[in-house]
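Our numbering puts the sequence shown at residues 2 to 330. Ideal Cβ positions, reconstructed from N, Cα and C, are used throughout, including at glycine. I have placed the structure first, in the form of structure tokens, so that the comments after it can refer back to it.
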Amino acid sequence: MGSIKAIITGVAGYVPDEILTNKDMEKIVETSDEWIVSRTGIKQRHIERDPDKGTSDLAVGAINKLISQTGLKIEEIDMIIVATVTADYPFPDTANIVAHKIGAVNAFGYDINAACSGFIFSLVTASQFIQSGMYKKILVVGADQMSSILDYEDRTTCILFGDGGGVVLLEPSEEGHGVQDAVLRGDGAGAEFLHMKAGGSIKPATVQSVEAREHFVYQEGRTVFKSAIKGMSESITELLSRNNLTQDDIDYLIPHQANKRILYGVADYIGFPHEKLLINIENYGNTTAGTIPLCLSDFQDKFKKGDKLVLTAFGGGFTWGAVLIEWAY
Ligand code: UT7
């Protein structure tokens with residue numbers, strides 16, 4: 002018998018029905034389908050229009066699909082972690098609301114805010130609870146209703162993001178598969194390049210902060226672009242090297258989907274073949290914490306037991322990292 006590892010035993014994604022195409026964006030801001038596709042790879046994004054719905058509903062949508070795929074019994078769920086920057090409320094945490102909405106009466110949970118790296122940070126956090134033997138069934142959600150924090154007058158950000166998310170079920174296994182290792186990093190010096198200016202304790206909401214449009218995503222795109230390629234590439238290189246692996250040993254690279262040019266930039270930086278790079282940004286845009294579970298969900302039919310996957314992300318904070326997992330089914 003080997004040591005306990007946390008394996009993914011199910012994955013599901015969820016996006017709202019309504020689609021905003023690049024042609025629709027042309028009617029909202031001064032942009033073009035050609036500019037968006039050539040600079041980002043994005044063709045459309047999904048948007049939640051119902052004013053009564055929030056990130057917890059994206060999570061519940063994904064969890065309901067997971068339950069129908071896996072037969073998971075809700076009362077067996079021990080813990081729910083929700084990675085998000087668009088919590089339903091500043092408090093309480095979205096995980097608590099999700100547990101209530103699905104009737105997970107034996108679960109506790111909390112949110113992790115690590116922006117676009119939120120899902121991988123949460124996956125690694127949850128895997129420790131499994132490896133220690135403390136819990137047996139943990140839902141790790143990555144979901145963001147980005148439309149709630151986008152300035153639809155700012156063409157440099159509003160075309161990039163969409164609403165959506167996904168969930169994985171983590172369970173223990175002694176077969177050696179599952180979460181193997183991770184390189185996780187953060188640097189608060191990057192905060193100024195990607196953040197929301199108001200609404201926190203430094204600058205609580207005021208009439209002036211609303212009028213100054215400070216409750217939306219603020220990004221200095223070029224700096225984030227360059228830092229993202231460097232951060233993801235270096236964390237993958239470190240992860241592979243300390244596990245005595247090369248690019249040839251990895252079956253698939255599943256990167257956070259922020260910009261197709263960033264993804265090819267990472268692959269080229271580390272010499273990784275483009276065929277093994279999984280990309281679905283054209284359908285959803287950047288769903289922040291949602292992109293990696295959405296990608297795992299869309300491509301899960303490709304994965305075979307024992308396949309080695311590297312998940313990698315970079316986002317606000319700055320936060321970044323890479324996780325090595327072995328697919329378990
Ligand atoms: O997930 C979190 C991490 N976020 C990211 O990883 C995003 C990182 N950054 C990026 O993906 C890219 O920097 C962007 C897609 C945001 C921008 O692409 P870029 O190639 O870096 O363009 P740029 O910001 O250097 O702007 C080039 C030009 C500018 O015009 P001028 O000053 O050259 O006349 C912009 O005003 O493109 C203009 N521009 C646009 N034009 C049409 C910016 N946004 C748009 C737009 N439509 N939507």
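Does at least one heavy atom of the ligand UT7 sit under 7 Å from the Cβ of V225? Yes - the ligand UT7 has a heavy atom lying nearer than 7 Å to the Cβ of V225.
Residue of D94, I326, D152 and L325 minimising C-alpha distance to V211: D152
In whole angstroms, what is the alpha-carbon distance linking G232 and S118? 11 Å
Under three-state DSSP, which class holds F130? Reduced to three states, the DSSP call for F130 is helix.
In whole angstroms, give me the CA-to-CA distance for G143 and V83. 6 Å
For T22, write down the residues that DSSP places opposite it in a beta bridge. Here T22 is bridged, per DSSP, to Q45.
Work out the CA separation of K66 and L171 for me, nearest whole Å. 15 Å
On the DSSP bridge list, what partners appear for G143? A84 and G167
So, is G307 buried or exposed, given that buried needs 16 or more other C-beta atoms within 10 angstroms? exposed
Check whether the segment 8-24 touches the segment 161-170, taking contact to mean three or more Cβ pairs, one atom from each stretch, closer than 8 Å. yes
Under the criterion of a Cβ to heavy atom distance below 7 Å, does T157 qualify as lining the ligand UT7? True, at least one ligand heavy atom lies under 7 Å from that Cβ.
Span of the alpha helix (DSSP H) holding E235? G222 to R243
Here's a check: name, in chain order, each residue in its chain whose Cβ is nearer than 7 Å to the Cβ of D112, leaving out the five neighbours to either side. V83, T85, A88, D94, T95 and A96
Which of the three DSSP states is assigned to N287 in this structure? In this structure, N287 counts as strand in the three-state DSSP scheme.
Confirm, please, whether the CB-CB distance from I139 to F130 is below 8 Å. yes
Alpha carbon to alpha carbon, how far is T288 from P294? 10 Å
Between I20 and the rest of its own chain, which residues show a CB-CB distance below 7 Å, the 5 nearest in sequence each way excluded? Same-chain partners within the cutoff: Q45 and H47.
Taking CB distances under 8 Å as the criterion, tell me whether A88 reaches chain B. Chain labels in this structure do not include chain B; a single protein chain is all it has.
Does DSSP classify S174 as helix, strand or coil? Note: S174 maps to strand in three-state DSSP.
Taking 8 Å as the cut-off, decide whether the C-beta atoms of A206 and G200 are in contact. yes
Measuring alpha carbon to alpha carbon, tell me which residue in G179, L312 and N245 is nearest I5. G179
Pick helix, strand or coil for H196, following the three-state DSSP scheme. strand
Reduced DSSP secondary structure (H/G/I, E/B, other) of Y219: Y219 falls in the strand class under three-state DSSP.
Using the C-alpha atoms, what's the distance from I9 back to G104? 22 Å
H257: beta carbon under 7 Å from a heavy atom of the ligand UT7? Indeed, a heavy atom of the ligand UT7 lies less than 7 Å from the Cβ.
Secondary structure at D308, three-state DSSP: helix, strand or coil? coil
Start and end of the beta strand (DSSP E) containing I8? K6 to Y15
Helix, strand or coil, according to DSSP, for R186 in the structure here? strand
Would DSSP call P294 helix, strand or coil? helix
In angstroms, rounded to a whole number, what distance separates the CA positions of M197 and F226? 18 Å
Please classify P256: is it buried, with 16 or more other beta-carbons within 10 angstroms of its beta-carbon, or exposed? buried
With DSSP collapsed to three states, give me the class of Y253. strand
CA nearest to the CA of E221, picked from K74, G316 and A60: G316
Compute the minimum distance between the beta carbon of S315 and the heavy atoms of the ligand UT7, and state whether it is under 7 Å. Before going further, note that residue 315 is Phe rather than Ser in the sequence given. Correct: F315 has its Cβ closer than 7 Å to the ligand UT7.
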